[in-house]
Structure formats: C-alpha cells, structure tokens
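Each residue of the sequence shown is one higher than the last, beginning at 1082 in the working numbering.
Have a look at the structure below, then the notes.
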Amino acid sequence: MSEQFIDLLRHGEVQGGACFRGDRDDPLTPAGWGQMRQATATDGSAWGRVISSPARRCSDFARHLADTAGLPFETRTAFRERGFGDWEGLTAAQIPAEALDAFWSDPVGYTPPGAEPFDAFRTRVLDGWRDLQQPQPSNWAPGRPYSSPPSSSPSPPHSLLVTHGGVIRMLVAEVLRMPPDAVLLLEVPHACLTRIRVPARPWRPSLVFHRTPSPAAPS
1082 MSEQFIDLLR HGEVQGGACF RGDRDDPLTP AGWGQMRQAT ATDGSAWGRV ISSPARRCSD
1142 FARHLADTAG LPFETRTAFR ERGFGDWEGL TAAQIPAEAL DAFWSDPVGY TPPGAEPFDA
1202 FRTRVLDGWR DLQQPQPSNW APGRPYSSPP SSSPSPPHSL LVTHGGVIRM LVAEVLRMPP
1262 DAVLLLEVPH ACLTRIRVPA RPWRPSLVFH RTPSPAAPS
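Below, the structure written as structure tokens:
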C-alpha cells in the first residue's frame, strides 16, 4: 500500500441546537452549510473520493461536494456517531448532574442508558478506519457502488471523510496513541478539518493538522 492522506471533516451546525444527538438525523442549518463550504474551499482539488457517515448532517453536504467536483461518493455506517440512547436530543442541562458527571469522569466505563457502549463504538470506528485504508478500484466512478477491489489496485492518494465529532476524536486518539479515556479532551468544533498521513507499511499514520474554523467576520 502506497502513502495516502485522509482528511476528516466534522459536519457543520445542525438544526435543533447543541445536544447529545447520536443517531438523530437532523439536517444542517444554512450556517452549517456555510461552515462546511468555508472549511473545504482551499483543499477540494486534492481529494480523489468522498466518504460520509449516512447521517444527513454529513451526507447532504458530502454528496453535494462530490457531485459538484465529479468525485466518487459513498456512505459507510462504520462512521456513524455513537448512539446515546435515552440521552439523544437532550442538552447537558437536561441530564441529571450525577449521571453527566459519571460520563465525563469515566467515558469508557460509564454507558448512558440505552447507549452504544464505548468499546463497541471504538471497535466499529477503528474497523472502518482500517477498511478505509485499503486499495480502491482504479476505475471506480462517481455513483458506482463500492466493492472490495483486488489487492493490486492502487489507492487514491487523498480521501475526504465527512463524519462526526465522536468519530474524529476516536481516530485522532488512535493515531496519537492516546489512552481511550482521554478522547473527550480533544476539541472538534463544527466544520473542523483534520488531516492524517497514512504512510506505506510498516510506518504508522501521523497527524498533519487539526484545523479549527476561522471565526466569522463581524457583520
């Protein structure tokens, strides 16, 4: 496998405001679309394909970007946000303080009621990450369903993955060899763009940048 780069883009602002959103399928706000356009304005010419979480807050923009640029596009369920069970749709202020403290103090060991366990989420995301690094068919075209290619097929040099804050935290923590319980220390604001370099084996992936959006200019 030759060297490649994978960019991770968090979705922009979502309708309904800040909450434990998880599997809720809320769309982007107009401001969220603008955030993602700004985040991708200078890097789009480098990408050879676009992959997305199936959630609308990711896939609506990702599909638009791929269609506009004529790039292959697909969604992968491995990169869905962590499901938060009974907490979905709730703000931090609406969750009992004792339960919220337990979650922040021990994100690995404490599972909110009905939520996807941390270890299951981590395994799902990292399995998807390994699959994402595999070679792709050289004749894969926009709109063509993804299929596993022969091992001799070349990889695109640069991919864009549009996904969620929890997924990006998990991937950056893995690249930096952070302990799992430190993932919540990584800040991933809306439309944050992160670049990972994936070298040829046996070398390990490395973090190139973790770029937070520029503040909006005063009106």
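Every residue gets a Cβ at the ideal spot worked out from N, C-alpha and C, and that includes glycine.
Which same chain residues, not among the five before or five after residue i, have their C-beta less than 7 Å away from its C-beta?
i	result
Gly1164	Gly1103, Asp1104, Ala1196 and Glu1197
Gly1174	Gly is not the amino acid found at residue 1174; the sequence shown has Ala there. So no residue of the chain qualifies.
Pro1135	Thr1156, Thr1158 and Arg1161
Asp1106	Ala1136 and Arg1137
Glu1169	Phe1101, Arg1102, Gly1103, Asp1104 and Arg1105
Pro1238	Gln1085, Phe1086 and Gly1129
Pull the bridge partners of residue i from the DSSP assignment, please.
i	result
Ile1087	Ser1240 and Ile1277
Arg1130	Ser1240
Val1264	For Val1264, which the question treats as bridged, DSSP gives no partner whatsoever.
Leu1109	Val1095
Keeping to the same chain, check which residues put their C-beta closer than 8 Å to that of residue i; ignore five residues upstream and five downstream.
i	result
Pro1226	Confidence is the limiting factor: at Pro1226 the pLDDT is only 38, short of 50, which leaves the residue's position unreliable, though a coordinate-based value still follows. Excluding residues within five positions, the ones whose Cβ falls inside 8 Å are Glu1155.
Leu1257	Leu1288
Pro1223	For Pro1223, the pLDDT reaches just 44, beneath the cut-off of 50, and the residue's location in the model is therefore unreliable, leaving the point undetermined.
Ser1240	Gln1085, Phe1086, Ile1087, Asp1088, Trp1128, Gly1129, Arg1130, Val1131, Ile1132 and Leu1213
Asp1208	Ala1159
Met1251	Phe1202, Arg1203, Val1206, Leu1207 and Val1264
Asp1167	Pro1193, Pro1194, Gly1195 and Ala1196
Ala1112	Gly1093 and Glu1094
Would you mind reading off the limits of the beta strand (DSSP E) that contains residue i?
i	result
Arg1292	Ser1287 to Arg1292
Excluding the 5 residues flanking residue i on each side, which residues of the same chain have their C-beta closer than 6 Å to its C-beta?
i	result
Gln1214	Val1279
Gly1247	Glu1162 and Arg1163
Thr1192	Pro1198
Ala1254	Val1264
Pro1261	Val1189
Phe1142	Met1117
Thr1110	Glu1094 and Gln1096
His1092	Arg1138 and Cys1139
Between which two residues does the alpha helix (DSSP H) harbouring residue i extend?
i	result
Ala1254	Gly1246 to Val1256
Does residue i come within less than 9 Å of chain D when only Cβ atoms are used?
i	result
Ala1178	Reference to chain D is not applicable here, since this structure consists of a single protein chain.
Under 8 Å from any heavy atom of the ligand ADP, does the C-beta of residue i make it?
i	result
Thr1121	This structure lacks the ligand ADP, and indeed carries no ligand of any kind.
Check your understanding: Is the stretch 1179-1190 touching the stretch 1156-1165 in the sense that three or more CB pairs, one from each, lie closer than 8 Å?
Key -> No: fewer than three Cβ pairs fall under 8 Å.
Exercise for review: Identify every run of the beta strand (DSSP E) within the stretch 1142-1199, keeping only runs that are complete inside it and at least 3 residues long; order them along the chain.
Suggested key: Taking only runs of at least 3 residues, the beta strand (DSSP E) segments lying wholly in the stretch 1142-1199 are 1154-1156.
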